[in-house]
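All the letters of the sequence shown, read from the start, carry residue numbers 857 to 1090 under our numbering.
Where is the CB? At the ideal position from N, CA and C, for every residue including glycine.
Quick caveat, the model's predicted, so the values are computed rather than measured.
In what follows, a single structure is set out as C-alpha cells and then discussed.
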Amino acid sequence: MERSLLKVPVTPAAIGAFLCLLGVLYQTHELGHHFFGGIVCGRLGAISLSTYTSAEGCLRLPDLLTELFGPLISLMIAYAAAARLRAKPSLAAFGCIFASYFHLRWIPPLLGGGDELDVMRKLGHDSGFIVAVALFMLGLPPVIVAWRAVLSSGRAVRIGLAYALPLPFLWYVDALAAGVSGSQAILPGLERIQVLHVPLLILILDIALVFGFAALGRRARRSCANDAGRQFSG
Ligand SMILES: [Zn+2]
C-alpha cells in the first residue's frame, strides 16, 4: 500500500501554532531540569523563562544529571515525534520534531554554551566542536524522517522554514526572560509569587501557550482539510 504523505501548511495560523508549540516545548525542557533537580538534589532550585539553577548545596553527580535531563527531554520529544510521524502523517508530530529544537542544539556549543558543553567542561573536556558534531548527528535522524514524510511539492522550503523557525526565538529568549521574571520585569514584584519555585507569570504564560497552540493548530488543520477538499472537488 502506498504511504500517504503530509501536506505542511505555511499560513499565519500554522506558523503561530508552531511558535506556541516551540514555547511549550522550550518550557518543558526548563521545567524538566527544575523538577528533576528537585528530585535528585532533594530540594527545588530556581527557574526563569530561559534558565534554571540547581538548589544550593546540590551534590556534583545530581547536579550533572539535572543539567543533562533537559537535553534528554528534548531528544525524547524529537525521537518520539519522529516515530509517530513514521507511523502516520501528523502535523502535530511534524511540529514537535522541529519545536523540540533538538536539531539546533549543535549551535550553542559552537558559541561556547549549552547544557551539553557545560557538562563536558565539568568533566574536564572542553571541545565545543566535537560536542557540536555529535549533537548535529544526533539531531539529524528525526529531520530525515520529517523530510521523507512530507509531500515533495515545496518540500525544501517547508522543511527549511521549520528547521530555521526556532532560531529567532532562541536568540531572543534571554531578553524575553528578563521581561517576564528577570531584571526588566514588565510587572515588577509579580515574579516573587511562585508555585513550586516557578514564578506564577511563567505558569500563566505556559498555559496561554498551550491554549494558543490548541486554537491556532485547529485553524491550521482546518485550512489544510479545506485545501484537500478543494483539490478533490476541483
Ligand atoms: Zn537546558
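- The stretch 983-995 makes no contact with the stretch 1046-1062: fewer than 3 CB pairs, one atom from each, lie closer than 8 Å.
- Uninterrupted alpha helix (DSSP H) stretches at least 4 residues long and entirely within the stretch 902-983 occur at 916-943, 947-955, 963-966 and 971-978, given in chain order.
- Just so you know, the alpha carbons of G898 and C914 end up roughly 8 Å apart.
- In chain order, H959 place their CB closer than 6 Å to the CB of V999, counting only its own chain and leaving out the 5 sequence neighbours on each side.
- Assignment of P998 by DSSP, reduced to helix, strand and coil, places it in the helix class.
- With a 10 Å radius around the Cβ and a threshold of 16 neighbouring Cβ atoms, Y957 comes out buried.
- Residue burial annotation: A943 is exposed, with fewer than 16 other C-beta atoms found within 10 angstroms of its C-beta.
- Listed in chain order, the non-local C-beta contacts of S1008 below 8 Å within the same chain comprise L861, local neighbours out to five positions each way being set aside.
- For G926, the shortest C-beta to heavy atom distance toward ligand 1 is below 7 Å.
- For H889, the shortest C-beta to heavy atom distance toward ligand 1 is below 7 Å.
- For A873, the enclosing alpha helix (DSSP H) starts and ends at P868 to C897.
- In the DSSP assignment, I1015 falls within the unbroken alpha helix (DSSP H) covering R1011 to A1020.
- L1021 is a Cβ neighbour of F874, given a cutoff of 8 Å.
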